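For reference, the structure is listed below as structure tokens.
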Amino acid sequence: MPVIGLGTWQLTKDTTGTVQQALEMDYPMIDTAVDYGTQPAIGEAMHRSGTRPEDVYIVTKVEENEDAYDGTVRDLDELDLDYVDLMLIHRPPGRSPGHELWEGLIRAREDGLTRDIGVSNYSVDQLEELVDASGEVPAVNQIEWTPFGWNSHMLDYCRDREIVIQAYSPLTRTERLDDRRLNEIAASYDKTPAQLLIRWDLQLGVVPIPKANDPAHLAENLDVFDFEISDEHMEELNRLNEHWSSLGQSPMYE
Ligand SMILES: NC(=O)c1ccc[n+]([C@@H]2O[C@H](COP(=O)([O-])OP(=O)(O)OC[C@H]3O[C@@H](n4cnc5c(N)ncnc54)[C@H](OP(=O)(O)O)[C@@H]3O)[C@@H](O)[C@H]2O)c1
Numbered sequence: 001m002p003v004i005g006l007g008t009w010q011l012t013k014d015t016t017g018t019v020q021q022a023l024e025m026d027y028p029m030i031d032t033a034v035d036y037g038t039q040p041a042i043g044e045a046m047h048r049s050g051t052r053p054e055d056v057y058i059v060t061k062v063e064e065n066e067d068a069y070d071g072t073v074r075d076l077d078e079l080d081l082d083y084v085d086l087m088l089i090h091r092p093p094g095r096s097p098g099h100e101l102w103e104g105l106i107r108a109r110e111d112g113l114t115r116d117i118g119v120s121n122y123s124v125d126q127l128e129e130l131v132d133a134s135g136e137v138p139a140v141n142q143i144e145w146t147p148f149g150w151n152s153h154m155l156d157y158c159r160d161r162e163i164v165i166q167a168y169s170p171l172t173r174t175e176r177l178d179d180r181r182l183n184e185i186a187a188s189y190d191k192t193p194a195q196l197l198i199r200w201d202l203q204l205g206v207v208p209i210p211k212a213n214d215p216a217h218l219a220e221n222l223d224v225f226d227f228e229i230s231d232e233h234m235e236e237l238n239r240l241n242e243h244w245s246s247l248g249q250s251p252m253y254e
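Numbering (full-length UniProt numbering), first residue to last: 1 to 254.
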């Protein structure tokens, strides 16, 4: 699985053109969902840029209130693809981890509609219940994840079971980009706060999926492989945790 991807929630300003630009910049992964409304534009951008399905890792989702197999077929139809790389359950349906949804995704994978399957917004308890019942470990838990809101118990649990954490809203939806310490540390590497946040994920082994409409942002967010955050600064960033969420509550998985 690629170590970084492009998020497409609210990527509504010329979605096709922006995704095409991202593909031409070699973004290795694109994240979408039916309720983002970006699937048809992603398919079109792949077509226009001559990107083959094997050239980019596509992640999409089924909703918690639908049949997961049918939802997968619908997503493929919108994307104009025969398969995707990763299909997620967007949210757990209430407190239950959604056994039926999970079975539907397992069938979709068996039928070759998706290479891998995973979940999003799941707590450790919900992950555990799903694994215990099915014997099938999700490849991914996609959750909100920033230095201001992260969870060491989740990190340890996912590392132990080799579940990849994909970090959504990794740039805090811009809400915390003006944090003083974030800016000071970023400046010490001659990088922007956004680049520091992305690099923090990479060094934790977490996969960020920043969204960017602005072409300068698209390029900036990929320019994160030529520096390394020191152990001291990683620890300082870790300590910024206040279980903050851009959704105005604790992160959904807590
Ligand atoms: N599974 C889920 O439940 C779930 C929930 C939320 C999000 N997601 C996924 O995660 C993706 C990312 O999260 P998000 O869209 O909520 O928020 P985000 O990526 O944290 O922030 C996006 C915002 O940051 C700005 N930005 C991008 N690069 C920047 C840079 N280098 N410097 C300054 N500002 C920058 C963007 O502006 P411009 O657009 O103007 O460039 C946009 O306003 C989503 O698009 C979606 O794919 C999943």
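Yeah, the Cβ is synthetic: ideal placement off N, Cα and C, and Gly gets one too. It should be emphasised that the depicted structure is a prediction, and the values quoted were computed from it without experimental measurement.
- If you draw a straight line from the Cα of I143 to the Cα of Y83, it comes to about 23 Å.
- Residue environment for H153: exposed (fewer than 16 other C-beta atoms within 10 angstroms of its C-beta).
- T72: member of the alpha helix (DSSP H) spanning 68–79, first to last residue.
- Between M1 and Y69, the gap from beta carbon to beta carbon reaches 8 Å or more.
- Bounds of the beta strand (DSSP E) holding Q166 are 164–168.
- Taking every protein chain shown into account, the CB of P208 has 16 or more other CB atoms within 10 angstroms, so this residue is buried.
- Within the region 86–147, complete alpha helix (DSSP H) segments of at least 4 residues are found at 99–110, 124–134, given in chain order.
- Fewer than three beta-carbon pairs drawn from the region 237–249 and the region 105–123 are found closer than 8 Å, and the two stretches are therefore not classed as touching.
- Beta bridge pairing from DSSP links M29 with Y57.
- With respect to the 8 Å criterion, A133 and H99 are classified as neighbours on the basis of their beta carbons.
- Note: K13 is not bridge-paired with any residue in the DSSP secondary-structure output.
- Counted as a single uninterrupted DSSP element, the alpha helix (DSSP H) harbouring M234 occupies residues 231–238.
- A distance criterion of 7 Å places the beta-carbon of Q20 beyond contact range of ligand 1, judged by its closest non-hydrogen atom.
- Residue I165 holds the alpha-carbon nearest to the alpha-carbon of W150 among I165, D55, D85.
- Rounded to whole angstroms, the gap between the alpha carbons of E242 and G50 is 44 Å.
- From the listed residues A216, L204, A212, T38, the smallest Cα separation to N238 is found for L204.
- Taking C-beta atoms as the reference points, E64 and R91 count as a pair closer than 8 Å.
- One thing to note: T72 has its Cβ no nearer than 8 Å to the Cβ of A33.
- Annotated three-state conformation of V207 is strand, per DSSP.
- Remark: the C-beta of K191 is outside contact range of ligand 1, defined as less than 7 Å to any heavy atom.
- D125 and D26 have their alpha carbons spaced roughly 36 Å apart.
- P40 sits away from E66, with the two beta carbons spaced by 8 Å or more.
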